[in-house]
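Worksheet: the structure to be examined is printed underneath.
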Amino acid sequence: MDTYREKLKLAGRLRKEKRYREALALYKEIEGEGDSFYLSQVGYLYYLMGDFSTCLLYIERAIRLGNRSPFTKKIKLLALAKLSAWDEIETCDAEKNDVRELVWIIKDKGNIELAKRLIKRRLSFVTSTREKAELLSLLALMTEDPSESVRLYKEAQTLMPESKFLTERLLLSKIKNIPREDAIRELELLLLVPTHRENPHIHSLLGRLYSKKGDETKAVECFKKAYELSKTAFNRNMLGFSYKRLEMYEEAKELLSVSFLDQPDNYYVRTALFNILKALDEKEVVLSLISRALSAHPEAKTLYGLKKKAEKWS
């Protein structure tokens, strides 16, 4: 039994290190088919590897054996969403647990109405102020009526007045339908206020407006400030894209390479980075990046095709 538990812990550690194939081999060696915890862990691993059908097989067996933990139920719902099994999600009482990650997947799959219904049902169960604010923000994001969207963002901001993200979303919803020059002027005036001067979301939003205006030099300044204040993947990507538009390829390459290794399935990052590397004629750098990404993300199947294309570069 001690050996069994030790192997389970080791497999879990390998999974956390994203060494998925090694973890799967160890799980298969363990063969704990009668253990609901084991089944849930293998199911989760298959989820991380992108095999959602096999994930469901293991998760449902774990549930039948009595493992009805919030984690196990969550993985089942996420896998169902990845498989677009909408009818089954509707009958799973999803709203009794945190649905934020689930809602994002459903939204990305294009079923906005189901995502909105789940949020509204979940709101009646929520006790956490933060979760409620984030759900209201999500609902506002998916609401087509501009005035209703603003109302929802205001309600969310009332719950979390210190949230810089909600400040940005509220601003974005307010300026969406006004002329670009007016929006830029409003944001620049807002940055003169001491409490907003260090808000990365406002700098990022201003950068996007300058980029749409065609003033990429000003956009880079804004994105650079946003990234200095908050080193998120989003801010890094926006700065990288802006550098690319200015043909500052070395600067763009440095930033987007980090993003690619972290999220190789991000189409926009991948496309921008490989166009840059092709322009710089750095075939060996491309192949090295792909190999490193595959080691960390063996489930990223698009990389195999990308590798074949890169190998044909002259």
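Straight run, no breaks: the sequence shown in the working numbering ends on number 657. Positions of the beta carbon are idealized from the N, C-alpha and C atoms, including for glycine. Please read all numbers here as calculations on a predicted model, not as lab measurements.
I need the straight-line Cα distance from residue i to residue j, nearest angstrom please.
i	j	result
tyrosine 553	lysine 574	20 Å
tryptophan 429	asparagine 609	25 Å
methionine 581	threonine 470	35 Å
alanine 653	isoleucine 373	39 Å
proline 543	proline 537	13 Å
methionine 344	valine 442	The predicted position of methionine 344 is uncertain, since its pLDDT is 45 and thus under 50; no value can be drawn from it.
arginine 348	tyrosine 389	20 Å
alanine 366	leucine 357	5 Å
alanine 458	phenylalanine 380	29 Å
leucine 502	arginine 460	21 Å
threonine 397	isoleucine 449	20 Å
lysine 644	lysine 359	20 Å
arginine 465	glutamate 594	44 Å
valine 563	serine 547	10 Å
glycine 377	isoleucine 402	13 Å
arginine 540	leucine 623	37 Å
serine 492	arginine 512	10 Å
By a C-beta neighbour count over all protein chains shown, 10 Å radius and 16 as the cutoff for buried, is residue i buried or exposed?
i	result
lysine 425	buried
tyrosine 363	buried
leucine 535	exposed
glycine 386	buried
proline 607	buried
glutamate 583	The sequence given here places glycine at residue 583; glutamate does not occur at that position. With 16 or more Cβ atoms within 10 Å of its Cβ, glycine 583 is classed as buried.
serine 480	buried
asparagine 520	exposed
serine 516	buried
glycine 409	exposed
phenylalanine 468	exposed
phenylalanine 395	buried
Taking the alpha carbon of residue i as the point to measure from, which residue in the options has its own alpha carbon closest?
i	options	result
leucine 423	Ala499, Gly409, Gly393	Gly393
serine 634	Val612, Val446, Leu604, Lys416	Leu604
leucine 420	Ser379, Gly409, Glu438	Glu438
alanine 476	Leu599, Lys371, Ala595, Ala499	Ala499
arginine 473	Phe508, Ser396, Ser492	Phe508
alanine 405	Leu391, Ser396, Gln384, Asp624	Gln384
methionine 591	Val601, Glu571, Tyr611, Glu559	Glu559
alanine 639	Leu351, Leu391, Ile455, Tyr381	Leu391
List in chain order: all unbroken beta strand (DSSP E) runs of 3+ residues lying wholly within the region 400-441. none
Where are the alpha helix (DSSP H) runs, 4 residues long or more, that stay fully inside the region 445-512, in chain order? 455-466, 472-484, 489-502
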